[in-house]
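Chemist: Below is a structure I'd like to ask you about.
Protein chains: 4
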Amino acid sequence: MLGIGVIGYGYWGPNLVRNFSQARGAQVVAVCDQREERRALVEKLYPAVTTYTDVDAMLANPQVHAVAIATPVSSHFPLAMRALEAGKHVFVEKPFAATVAEGEQMVAEARRRNLTLMVDHTFIYTSAVRKIKELVDQGSLGDLYYYDSVRVNLGLFQSDVSVLWDLAVHDLSIMDFLIGRSPQMVAATGMAHVPGRPENMAYLTCFFDHNLIAHFHVNWLAPVKIRQTLIGGSEKMIVYDDMEMSEKVKVYDKGIIVSHEEDEIYQRHVGYRTGDMWAPRLDNIEALKIEAEHFVECIQHGQTPLSSGEAGLRVVRILEAASRSMANHGQPVAI
Amino acid sequence: MLGIGVIGYGYWGPNLVRNFSQARGAQVVAVCDQREERRALVEKLYPAVTTYTDVDAMLANPQVHAVAIATPVSSHFPLAMRALEAGKHVFVEKPFAATVAEGEQMVAEARRRNLTLMVDHTFIYTSAVRKIKELVDQGSLGDLYYYDSVRVNLGLFQSDVSVLWDLAVHDLSIMDFLIGRSPQMVAATGMAHVPGRPENMAYLTCFFDHNLIAHFHVNWLAPVKIRQTLIGGSEKMIVYDDMEMSEKVKVYDKGIIVSHEEDEIYQRHVGYRTGDMWAPRLDNIEALKIEAEHFVECIQHGQTPLSSGEAGLRVVRILEAASRSMANHGQPVAI
Amino acid sequence: MLGIGVIGYGYWGPNLVRNFSQARGAQVVAVCDQREERRALVEKLYPAVTTYTDVDAMLANPQVHAVAIATPVSSHFPLAMRALEAGKHVFVEKPFAATVAEGEQMVAEARRRNLTLMVDHTFIYTSAVRKIKELVDQGSLGDLYYYDSVRVNLGLFQSDVSVLWDLAVHDLSIMDFLIGRSPQMVAATGMAHVPGRPENMAYLTCFFDHNLIAHFHVNWLAPVKIRQTLIGGSEKMIVYDDMEMSEKVKVYDKGIIVSHEEDEIYQRHVGYRTGDMWAPRLDNIEALKIEAEHFVECIQHGQTPLSSGEAGLRVVRILEAASRSMANHGQPVAI
Amino acid sequence: MLGIGVIGYGYWGPNLVRNFSQARGAQVVAVCDQREERRALVEKLYPAVTTYTDVDAMLANPQVHAVAIATPVSSHFPLAMRALEAGKHVFVEKPFAATVAEGEQMVAEARRRNLTLMVDHTFIYTSAVRKIKELVDQGSLGDLYYYDSVRVNLGLFQSDVSVLWDLAVHDLSIMDFLIGRSPQMVAATGMAHVPGRPENMAYLTCFFDHNLIAHFHVNWLAPVKIRQTLIGGSEKMIVYDDMEMSEKVKVYDKGIIVSHEEDEIYQRHVGYRTGDMWAPRLDNIEALKIEAEHFVECIQHGQTPLSSGEAGLRVVRILEAASRSMANHGQPVAI
């Protein structure tokens with residue numbers, strides 16, 4: 001039985017404790033939080049769990065084999081490093097790290113110590129994204145043309161990070177999983193409407209080789225909640241709408257037909273193809289439950305997680321470059 | 001009675017002939033098209049209209065007081081200049097001109113000759129956009145924060161111009177009308193998926209002073225048709241969805257509250273405000289009918305049209321800068 | 001070339017003239033309307049068509065081989081009978097007749113004279129309904145359980161007939177076509193909210209053998225426009241939403257599983273089955289064009305139309321029984 | 001502090017325990033369930049609560065001042081009567097009772113003993129329904145014309161009661177609350193598609209005086225989930241869609257204008273009026289929390305609950321009459 005210690009019992013920590021408690025092969029043995037009232041809550045709901053104020057004290061507990069970190073991004077690096085140095089496997093909230101440099105050290109440290117390092121890219125464990133991954137991997141979409149996502153709503157203005165690090169991180173993690181390639185260049189624009197605060201809306205373009213392009217629109221100040229992704233391929237196109245109660249994934253048998261005989265004025269003809277739409281049935285398993293058990297299995301069998309530290313780092317690489325581009329009104333930044 | 005001559009009876013020309021025929025104070029007296037079968041169609045439907053193969057012959061007709069040009073964008077400049085030089089008022093399809101230089105000459109020539117020059121920015125005459133304009137002008141939205149539009153569908157790939165010139169031109173003309181200010185800088189990205197063809201999808205950011213930002217997403221290769229604009233202000237926010245049968249315009253009494261007392265760690269608090277939503281009743285008058293009569297009235301009373309040549313030129317200015325930025329992966333371009 | 005005479009050039013007549021003019025093998029040769037301004041309109045748009053004030057004069061024209069009747073329902077019977085007696089094939093608007101007795105005479109007269117008699121059940125020629133018919137006939141839905149339709153909006157209050165005869169007639173004609181069976185009993189309720197006017201909202205249940213049930217909700221006084229039909233079968237279920245721009249027909253692989261082993265307390269278990277949803281591609285051909293050509297072909301080849309007089313009569317049979325039930329607060333009426 | 005005992009810890013019981021635990025002025029002191037594993041669950045989550053197998057034992061506990069009954073409908077009567085006889089206030093799940101006769105005895109017994117008797121009509125405590133009630137009571141809708149609701153989905157087939165008692169009970173309770181009048185007659189139709197099981201789909205019409213009509217469509221065998229109510233009035237009309245994430249209540253300023261001058265052919269003219277749509281902001285308070293505190297306050301202050309035993313009885317009266325009508329294919333039944 002793998003013993004889990006959770007650091008941070010704020011907004012997301014309770015979900016981690018609940019899911020790791022129910023995960024096959026694992027049990028939550030410790031929770032660390034500096035706030036007394038948060039520890040009291042743990043003690044009431046989970047009397048068998050030991051609570052800690054001090055991270056090092058928790059790491060000294062030999063029953064803790066793995067650590068889940070659910071604290072603000074600025075603390076991911078020091079906490080993850082301390083846990084790895086104490087020989088613990090590490091599960092860390094997204095964004096994986098505050099900088100590429102930090103993320104690289106975390107990945108290197110885990111590799112050196114042969115420990116499992118995983119980032120909580122929850123969305124890639126949802127039934128919707130797993131189904132899309134299946135379709136992409138089967139080649140159903142043909143050549144990938146574009147990935148376009150919108151994630152906007154009236155949301156909490158963060159004071160430490162821009163909306164890119166708060167919202168686009170979800171979509172970048174999904175894109176990284178689905179596409180399996182990294183962009184070569186990014187260009188981002190955005191705006192801060194509250195003086196002294198980071199950008200509350202942003203637009204990010206990622207350029208890949210082979211004419212693949214991705215775009216992300218994120219906004220904390222929108223009157224309606226939109227969670228919509230379009231994925232265009234040469235054979236099929238997908239609309240993934242997370243606000244739909246059912247039919248979150250729709251597959252369109254639509255596209256263009258490029259005639260390869262060039263006509264007298266040297267132009268290719270571009271025609272249309274429209275066909276059926278198909279919404280595959282999706283299961284109802286909670287993503288975090290699948291993810292928690294995946295972490296446990298990766299540790300047990302020495303496998304690399306789907307959302308490995310490297311995946312977390314790839315996303316941070318894009319975010320860091322995007323932030324630089326955004327500070328320069330869209331000036332492209334190579335990755 | 002103002003005599004109108006229409007040049008080009010292809011896709012849009014028939015709409016112009018029909019609407020100018022019914023416009024108060026005007027009548028269509030001439031149509032010019034080089035294709036015999038198109039002229040035959042005019043002759044059958046409008047026996048009283050004289051048809052021409054040659055533009056100059058039509059311009060020599062003293063009954064033609066004004067000319068409406070519905071030809072490909074590359075011919076707008078030479079045709080409009082010839083018409084102006086012949087002393088005719090001019091109504092020209094969008095995009096107004098193929099380049100800023102051409103547009104500037106057209107505007108100068110009309111001014112010099114004291115002739116009315118109008119661009120067919122049809123959308124600004126729709127009941128939805130007129131209602132939004134009313135709300136913006138009343139100050140209902142407060143300070144403008146952003147303008148965000150999406151116009152995507154599976155559409156005709158143009159061979160001569162990119163999707164920016166074909167689709168974004170609509171949204172830029174709406175934005176120009178609603179906001180009444182011009183951007184200082186643009187950044188655009190896009191991609192061409194058919195070799196030898198212009199970009200079929202594009203993302204354009206416009207930066208204005210006072211932290212106003214606008215963004216346009218256009219795509220000819222989307223599986224679904226989306227026509228949605230979000231307009232964010234400090235007091236109210238609007239969703240304008242042209243695919244809605246009724247309730248195209250929704251006004252949300254939502255926003256953020258920025259507390260101006262700074263707390264001990266020098267941060268402003270950002271809170272939320274949510275209120276009612278309101279969808280104003282819109283009339284059903286055809287936009288092109290209103291626009292045609294507006295052209296006639298402007299000529300009769302020497303007024304400047306809402307969609308003047310200057311308005312057309314402002315939009316071309318953005319398109320030209322955007323094309324340059326797009327060719328450089330988002331490199332910002334000042335206007 | 002089949003010569004068509006159209007009686008009634010009001011709301012629907014122009015659509016008939018336009019479609020029969022373009023139908024292969026037919027041409028409109030005559031139009032009859034008592035109103036001078038309607039005749040003038042015909043003469044302007046269709047100079048080759050002869051106009052008549054008097055029906056008998058038109059029927060005396062030997063170039064008129066078939067007659068299309070687009071007048072109020074009360075005149076369908078006398079006009080159709082006169083046309084049949086004059087040896088003309090007849091195409092008549094829905095509802096087919098004002099009473100079952102009238103409809104029976106019309107059908108008998110056409111049969112006796114071996115003339116084609118067809119009712120304008122336009123919806124059964126739409127691509128959506130033809131696709132559903134294909135699925136039903138293939139047995140894709142399994143045993144049919146129910147047919148449920150809603151057709152409501154803020155609509156024109158008729159003064160001569162209730163909302164059943166005005167709106168439910170559409171859905172009854174679709175159901176008659178799709179199901180191919182007639183109900184054995186009906187029960188209807190409704191209400192008139194304007195004194196002296198017929199019912200402006202109504203609910204109609206049709207009982208068939210084999211536990212099939214159908215229900216129709218029609219309303220002229222609804223704040224929103226709804227056109228939605230659910231069709232439930234043992235294997236699959238369909239949602240047909242005519243307000244959807246695309247994806248009007250959705251096929252759900254959903255249903256119940258009834259376990260046939262009865263348990264100790266003599267109950268069958270009822271479980272669920274959920275699967276994919278599929279929206280077949282629909283073509284864009286105008287229904288009235290298909291219908292007009294079908295009428296011509298049926299006359300040429302002596303075939304029975306899909307929407308034959310008998311089909312029109314079956315729908316009138318339901319409407320007449322429903323009206324009686326509605327007058328008695330839902331008292332069931334056998335058919 | 002009012003001590004609450006909950007009978008039945010199945011599907012709904014846990015919600016009652018949770019909400020009464022958090023309600024101001026109350027605490028859950030006892031839970032009774034015959035199933036050991038359900039009691040064990042209570043003991044784990046609520047160590048301070050005493051669990052019982054036997055209802056009478058629980059009723060003998062002097063700390064239990066009021067009882068909440070969340071058991072199948074057939075046991076509501078015996079359990080409620082035993083509780084009232086033991087001097088306890090009673091909160092009972094809907095449907096209030098299995099028959100009108102039972103319900104009448106329950107109401108009489110509570111009145112005789114001056115005890116609070118309340119039925120769990122949860123929906124009337126939601127923010128959406130409370131807002132509609134406010135509009136109706138202000139007279140905003142004008143004269144009420146109709147109430148039309150649809151509640152369909154792929155749902156659990158009950159073996160003891162028809163879909164009317166399972167689903168329509170929700171809408172009847174909402175209608176009873178909003179309209180404040182009782183129907184004089186009902187007519188219902190329905191069908192059972194699983195042999196030996198009660199009707200799984202049903203249509204119910206309620207006739208009121210003053211030309212008010214209500215209709216309910218309920219179905220356990222629908223491919224999609226619909227929760228939509230239309231309320232028509234002479235001044236305004238409402239669409240209440242419980243599947244909308246936001247904007248559940250939309251108020252339409254639409255209607256008809258009946259001209260009271262009668263024309264020469266003795267007809268009133270009926271015209272249209274269309275205006276704005278307005279979606280009032282709704283609060284987010286959980287309905288069951290409001291309801292639980294309302295029960296406590298009614299006991300404390302001797303007030304009649306909004307969802308009193310009489311309200312529960314009124315709904316059962318409709319359900320009983322509807323069941324009789326449904327067994328006779330829509331034969332109307334007076335109430």
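Chains as they are written, first to last, in full-length UniProt numbering: chain A, 1 to 335; chain B, 1 to 335; chain C, 1 to 335; chain D, 1 to 335. Glycine included, C-beta positions come from ideal geometry on N, C-alpha and C.
In terms of residue numbering, what span does the alpha helix (DSSP H) encompassing Asn-211 (chain C) cover?
Modeler: Segment: none, Asn-211 (chain C) is in no alpha helix (DSSP H) and carries neither H nor E.
Chemist: Is it true that the segment 167–185 of chain C meets the segment 294–301 of chain C, where meeting means three or more beta-carbon pairs spaced less than 8 Å apart?
Modeler: Cβ pair count under 8 Å is below three, so no.
Chemist: In terms of residue numbering, what span does the alpha helix (DSSP H) encompassing residue 383 (chain A) cover?
Modeler: Since the displayed chain A opens at 1 and closes at 335, residue 383 (chain A) lies outside it and no answer follows.
Chemist: Enumerate in chain order the residues of its own chain whose CB-to-CB distance from Ala-128 (chain D) is below 8 Å, with the five nearest sequence positions on each side excluded.
Modeler: Answer for Ala-128 (chain D): Tyr-240, Asp-242, Lys-248, Val-249 and Leu-282, listed in chain order.
Chemist: Looking at Met-185 (chain C): is its Cβ nearer than 9 Å to the Cβ of Ala-202 (chain C)?
Modeler: No, they are not a contact pair.
Chemist: Can you find a C-beta in chain C that's less than 9 Å from the C-beta of Asp-148 (chain D)?
Modeler: Closer than 9 Å: yes.
Chemist: For Gly-155 (chain C), which residues of its own chain have a beta-carbon under 6 Å away from its beta-carbon, when the five flanking residues on both sides are left out?
Modeler: Trp-220.
Chemist: Does DSSP put Trp-220 (chain D) in a helix, in a strand, or in coil?
Modeler: The answer is coil: DSSP assigns Trp-220 (chain D) none of H, G, I, E or B.
Chemist: Closer than 8 Å by C-beta to Gly-196 (chain C): which residues in its own chain qualify, once you throw out the five before and the five after it? Chain order, please.
Modeler: For Gly-196 (chain C), where only same-chain residues beyond five positions count, there are no Cβ hits under 8 Å.
Chemist: Alpha carbon to alpha carbon, what distance is there between Lys-44 (chain D) and Arg-38 (chain A)?
Modeler: If you take the alpha carbons of Arg-38 (chain A) and Lys-44 (chain D), they lie about 21 Å apart.
Chemist: Give a yes or no on whether the C-beta atoms belonging to Val-100 (chain C) and Val-316 (chain C) are separated by under 9 Å.
Modeler: Yes, the pair counts as a contact, with Cβ atoms nearer than the cut-off.
Chemist: In terms of residue numbering, what span does the beta strand (DSSP E) encompassing Ser-149 (chain A) cover?
Modeler: Here the beta strand (DSSP E) through Ser-149 (chain A) covers 144–154.
Chemist: Does DSSP put residue 347 (chain A) in a helix, in a strand, or in coil?
Modeler: This structure gives no information on residue 347 (chain A), because the portion of chain A shown stretches from 1 to 335.
Chemist: So that I know if they touch, is there some Cβ in chain C lying closer than 9 Å to that of Met-243 (chain B)?
Modeler: Yes, contact with chain C.
Chemist: If you draw a straight line from the alpha carbon of Trp-12 (chain C) to that of Ala-40 (chain C), how long is it in whole angstroms?
Modeler: Going from the Cα of Trp-12 (chain C) to the Cα of Ala-40 (chain C) covers about 17 Å.
Chemist: To which residues of the same chain is Thr-116 (chain B) closer than 6 Å at the C-beta, ignoring the five residues directly before and after it?
Modeler: His-89, Cys-298 and Ile-299.
Chemist: Give me the subset of the segment 166–199 of chain D whose CB atoms are less than 9 Å from a CB atom of chain E, sorted by chain position.
Modeler: Chain labels in this structure do not include chain E; the protein chains are A, B, C and D.
Chemist: Which residues in the same chain have their Cβ closer than 6 Å to the Cβ of Ala-334 (chain C), if we skip the five residues on either side of it in sequence?
Modeler: Closer than 6 Å at Cβ, skipping near neighbours: Met-185.
Chemist: By the three-class DSSP mapping on this structure, what secondary structure does Arg-18 (chain B) have?
Modeler: Correct three-state label for Arg-18 (chain B): helix.
Chemist: Mind checking whether His-55 (chain D) and Asn-153 (chain D) have CB atoms under 9 Å apart?
Modeler: Going by the sequence as given, residue 55 (chain D) is Val instead of His. Not a contact, by the Cβ cut-off of 9 Å.
Chemist: Quick check: the segment 104–115 of chain D against the segment 134–151 of chain D, are there 3 or more CB pairs under 8 Å?
Modeler: Because the criterion of three Cβ pairs below 8 Å is not met, the segment 104–115 of chain D and the segment 134–151 of chain D do not touch.
Chemist: Please list the residues of the segment 114–126 of chain A that have a C-beta atom closer than 9 Å to any C-beta atom in chain C, keeping them in chain order.
Modeler: Against chain C - using a Cβ distance shorter than 9 Å - the segment 114–126 of chain A contributes no residues.
Chemist: Between Lys-225 (chain D) and chain A, is any beta-carbon pair separated by less than 9 Å?
Modeler: Chain A contact via Cβ: present.
Chemist: Looking at the unbroken beta strand (DSSP E) that takes in Lys-250 (chain B), where does it start and where does it end?
Modeler: 249–252 is the extent of the beta strand (DSSP E) around Lys-250 (chain B).
Chemist: At what residue ranges does the segment 269–308 of chain A contain a whole run of the beta strand (DSSP E), taking only runs of 3 or more?
Modeler: Listed in chain order, they are 270–273 and 277–279.
Chemist: Can you look up Glu-264 (chain A) in the DSSP assignment and give me helix, strand or coil?
Modeler: Summary for Glu-264 (chain A): the model assigns pLDDT 49, below 50, so the residue's position carries little reliability; its value from the coordinates is reported in the next sentence. Reduced to three states, the DSSP call for Glu-264 (chain A) is coil.
Chemist: Under three-state DSSP, which class holds residue 336 (chain B)?
Modeler: The displayed coordinates of chain B run from 1 to 335. Any statement about residue 336 (chain B) would go beyond what the structure contains.
Chemist: Give me, in chain order, the residues of the same chain whose beta-carbon lies closer than 7 Å to that of Gly-8 (chain C); leave out the 5 immediate sequence neighbours on both sides.
Modeler: Excluding sequence neighbours, Gly-8 (chain C) sits near Asp-33, Ile-69, Ala-70 and Thr-71.
Chemist: Can you pull the chain C residues whose beta carbon is under 9 Å from the beta carbon of Ala-108 (chain A), in chain order?
Modeler: Result: empty, since nearest Cβ-Cβ is about 45 Å, beyond 9 Å.
Chemist: Can you confirm whether Gln-331 (chain D), when its beta carbon is compared against all beta carbons of chain C, has any partner nearer than 9 Å?
Modeler: True, the Cβ-Cβ gap to chain C drops below 9 Å.
Chemist: Taking CB distances under 9 Å as the criterion, tell me whether Gly-275 (chain C) reaches chain A.
Modeler: Yes, Gly-275 (chain C) lies at the interface with chain A (some Cβ there is under 9 Å from its Cβ).
Chemist: Quick one: grab the DSSP three-state call for Asp-141 (chain B).
Modeler: Before going further, note that residue 141 (chain B) is Leu rather than Asp in the sequence given. Leu-141 (chain B): coil per DSSP, three-state reduction.
Chemist: DSSP has Leu-117 (chain A) in a bridge; who is on the other side?
Modeler: BP columns for Leu-117 (chain A) point to A:Val-90.
Chemist: I'd like to know whether the C-beta atoms of Ser-246 (chain C) and Ala-287 (chain C) end up nearer to each other than 9 Å.
Modeler: Result no, Cβ atoms of Ser-246 (chain C) and Ala-287 (chain C) do not sit closer than 9 Å.
Chemist: Of all Cβ atoms in chain B, is any one closer than 9 Å to the Cβ of Arg-281 (chain D)?
Modeler: Arg-281 (chain D) counts as touching chain B.
Chemist: Return the residue from the list C:Ser-325, C:Gly-233 and C:His-215 that minimises the CA-CA distance to Ile-132 (chain C).
Modeler: Nearest of C:Ser-325, C:Gly-233 and C:His-215 to Ile-132 (chain C), Cα basis: C:Gly-233.
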